[in-house]
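Comments concern the structure below.
Residue numbers (the working numbering): 21 to 175.
Rendered as structure tokens:
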């Protein structure tokens with residue numbers, strides 16, 4: 021993959037993408053939460069999503085229209101290990117979502133393909149919950165003067 025392709029993907033992710041952790045309660049007897057790292061892009065123009073899929077894998081699905089008169093939108097998504105691989109590659113080129121990408125890939129447990137027998141260990145649940153809350157907090161920033169200066173200086 022070329023640096024131009026990585027920079028293009030980072031720009032698309034910065035402008036149209038979303039880095040999230042989905043949290044769900046399991047329906048089994050443990051009632052423990054499950055967490056899934058998700059990186060996605062939603063837009064009405066399909067070809068860029070096809071290109072993302074060619075470069076990084078993932079899936080493309082139709083987004084259901086929320087209101088009458090809206091145009092059809094499409095979602096491209098990658099989860100967990102694929103999401104980590106994507107974030108590692110585009111991180112040098114990210115601007116707006118750099119802090120979210122760094123936080124998301126900081127947790128080593130996303131890289132493990134199998135859970136321990138009986139589900140996540142309590143320490144893993146605590147780590148994922150902390151990361152879930154951290155990403156939620158990072159999404160609430162505003163471009164006030166100190167934040168803008170920090171971004172411009174590269175901090």
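Just so you know, even glycine gets a beta-carbon here, dropped at the ideal spot from N, CA and C.
Note that this is a predicted model, so its numbers are computed, not measured.
I'd like to know whether the C-beta atoms of residue 113 and residue 42 end up nearer to each other than 8 Å. Residue mapping note: residue 113 aligns to position 93 of the chain shown, counting from 1. Residue mapping note: residue 42 aligns to position 22 of the chain shown, counting from 1. Cβ distance not < 8 Å, so residue 113 and residue 42 don't count as in contact.
Looking at C-alpha atoms only, which residue of 89, 36 and 146 is the closest neighbour of residue 65? Within the chain shown, the letter at position 45 stands for residue 65. Selected option, being the one with the closest Cα: 36.
What number of angstroms, rounded off, separates the C-alpha of residue 124 from the C-alpha of residue 89? Locating residue 124 in the chain shown gives position 104, where the first residue counts as 1. Locating residue 89 in the chain shown gives position 69, where the first residue counts as 1. If I take the Cα positions, the gap works out to 36 Å.
When DSSP labels each residue in this structure, what does residue 104 get in the three-state scheme? In the chain shown, counting from the first residue as 1, residue 104 sits at position 84. Residue 104 falls in the helix class under three-state DSSP.
Taking 8 Å as the limit between beta carbons, can you name the residues of its chain near residue 31, skipping five residues before and five after? Position 11 of the chain shown, counted from the first residue, corresponds to residue 31. Excluding positions up to five away in sequence, the list reads 113.
Nearest-angstrom Cα separation, counted from residue 52 out to residue 72: Mapped onto the chain shown, residue 72 falls at position 52. Mapped onto the chain shown, residue 52 falls at position 32. So the alpha carbons of these two residues sit roughly 33 Å apart.
Minimum length 3: unbroken beta strand (DSSP E) runs contained in the region 26–114: For the region 26–114, whole beta strand (DSSP E) runs of length 3 or above, ordered along the chain, are 37–45, 53–63, 79–83 and 93–99.
Who are the near neighbours of residue 121 in its chain, counting only those whose CB is closer than 7 Å to its CB and skipping five residues on each side? Mapped onto the chain shown, residue 121 falls at position 101. For residue 121, where only same-chain residues beyond five positions count, the Cβ hits under 7 Å are 39, 107, 111 and 114.
Could you check how far apart the C-beta atoms of residue 29 and residue 62 are, in whole angstroms? I think they sit under 8 Å. Taking the chain shown and counting its residues from 1, the one referred to as residue 29 is at position 9. Taking the chain shown and counting its residues from 1, the one referred to as residue 62 is at position 42. About 15 Å separates the CB atoms of residue 29 and residue 62; that is not less than 8 Å, and the two are not in contact.
Around the C-beta of residue 83, are 16 or more other C-beta atoms found within 10 angstroms, so that it is buried, or is it exposed? Position 63 of the chain shown holds residue 83. Counting the other CB atoms within 10 Å of its CB gives residue 83 a total below 16, which places it among the exposed residues.
Which two residues bound the contiguous alpha helix (DSSP H) that contains residue 148? Along the chain shown, one-based indexing puts residue 148 at 128. Per DSSP, residue 148 is one residue of the alpha helix (DSSP H) stretching across 142–158.
If you draw a straight line from the alpha carbon of residue 141 to that of residue 91, how long is it in whole angstroms? To locate residue 141, count along the chain shown from 1; it is residue 121. To locate residue 91, count along the chain shown from 1; it is residue 71. Near 44 Å, if we compare the C-alpha coordinates of residue 91 and residue 141.
Residue 54 versus residue 144 - alpha carbon distance: One-based indexing of the chain shown puts residue 54 at position 34. One-based indexing of the chain shown puts residue 144 at position 124. Whole-angstrom Cα-Cα distance: 10 Å.
Beta-carbon proximity check, residue 81 vs residue 98, cutoff 8 Å: Residue 81 sits at position 61 when you count from the first residue of the chain shown. Residue 98 sits at position 78 when you count from the first residue of the chain shown. Not a contact, by the Cβ cut-off of 8 Å.
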